[in-house]
């Protein structure tokens with residue numbers, strides 16, 4: 019009976035130590051057990067004084083992790099009194115953390131069920147070496163700046179061109195290449211009308227004959243609707259020196275510089 023009492027006492031004592039505050043940690047088991055009432059209510063502290071690490075957790079399985087930490091802390095982190103699931107605090111001036119991977123195409127991932135959440139915040143403003151913070155979609159800040167300047171230049175050119183309607187008209191009055199012109203027609207010998215889509219009364223109108231030999235003077239006149247321009251082309255006098263200036267059918271370019 020005495021021996022049985024001793025054995026029973028040892029068993030009861032071992033179970034008491036194996037769960038709850040002050041109990042031993044059981045390998046391969048849930049500590050202090052699945053009984054929620056036995057959950058630890060105080061920090062379990064491991065204090066070391068060694069030149070390597072205070073604790074080391076490793077897993078030799080080819081698909082198992084070294085450690086997992088879970089918590090139910092609310093938003094705000096330490097500044098709000100809500101401790102994060104993991105916190106590394108270096109009380110000296112060295113690194114608080116390091117992540118290293120021996121291979122693969124990525125070192126880690128930060129994911130959230132809220133895709134709009136910020137992946138992290140920082141009050142540090144130094145350069146993050148190797149983070150490619152200078153790149154967006156594979157382009158450096160200089161590339162982005164150059165692209166912006168090119169785009170601005172292109173927009174400026176497009177704007178300037180948009181402010182300068184023009185029309186290329188054949189000798190028979192056919193409208194060719196143009197910007198902002200809606201129609202062209204021959205109304206008489208060397209006389210044409212060109213109609214623009216918008217008011218060009220605030221623009222400087224100029225026209226030139228588009229032929230090299232015997233090119234003559236060209237006159238332009240804006241109509242009362244501020245969109246229709248009458249153009250009259252003339253011969254240049256010819257090689258015989260007759261000085262002929264009668265209206266003559268000639269191809270021309272008409273430009274409205276606004």
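In the working numbering, the protein residues as written are 19 to 276. Glycine is no exception: its CB is placed at the ideal position from the N, C-alpha and C atoms. Bear in mind the structure is a predicted one, so any value in this text is a computation, not a measurement.
Using only the alpha-carbon positions, how far apart do residue i and residue j sit?
i	j	result
residue 270	residue 224	10 Å
residue 202	residue 263	23 Å
residue 42	residue 83	24 Å
residue 230	residue 181	28 Å
residue 237	residue 251	7 Å
residue 108	residue 55	34 Å
residue 64	residue 127	29 Å
residue 72	residue 95	25 Å
residue 113	residue 168	43 Å
residue 183	residue 248	15 Å
residue 188	residue 161	44 Å
residue 193	residue 254	23 Å
residue 130	residue 139	14 Å
residue 141	residue 67	31 Å
residue 246	residue 135	59 Å
residue 220	residue 272	15 Å
residue 216	residue 210	18 Å
residue 50	residue 39	8 Å
residue 200	residue 234	26 Å
residue 35	residue 46	Bear in mind that a pLDDT of 41 at residue 35, under 50, signals an unreliable position, so the number given afterwards is only what the model happens to contain. Taking the straight line joining both Cα atoms gives about 16 Å.
Run through the DSSP bridge pairs and tell me what residue i is partnered with.
i	result
residue 233	253
residue 184	197, 273
residue 240	247
For a test of the three-state rule: what should DSSP assign to residue i, helix, strand or coil?
i	result
residue 164	helix
residue 157	strand
residue 202	strand
residue 264	coil
residue 45	coil
residue 169	helix
residue 146	coil
residue 54	helix
residue 102	coil
residue 97	helix
residue 22	Low confidence applies here, because residue 22 scores a pLDDT of 47, under 50, leaving its location unreliable; read the following figure in that light. Residue 22 falls in the helix class under three-state DSSP.
residue 33	Bear in mind that a pLDDT of 43 at residue 33, under 50, signals an unreliable position, so the number given afterwards is only what the model happens to contain. The answer is helix: DSSP assigns residue 33 an H, G or I state.
Need the endpoints of the beta strand (DSSP E) that residue i sits in, please.
i	result
residue 225	222-227
residue 210	209-214
If you measure from the CB of residue i, is any heavy atom of the ligand ADP nearer than 8 Å?
i	result
residue 210	The model depicted lacks the ligand ADP and carries no ligand whatsoever.
Step through the CB atoms of chain C and report whether any lies within less than 9 Å of the CB of residue i.
i	result
residue 263	No chain C is part of this structure, which consists of one protein chain only.
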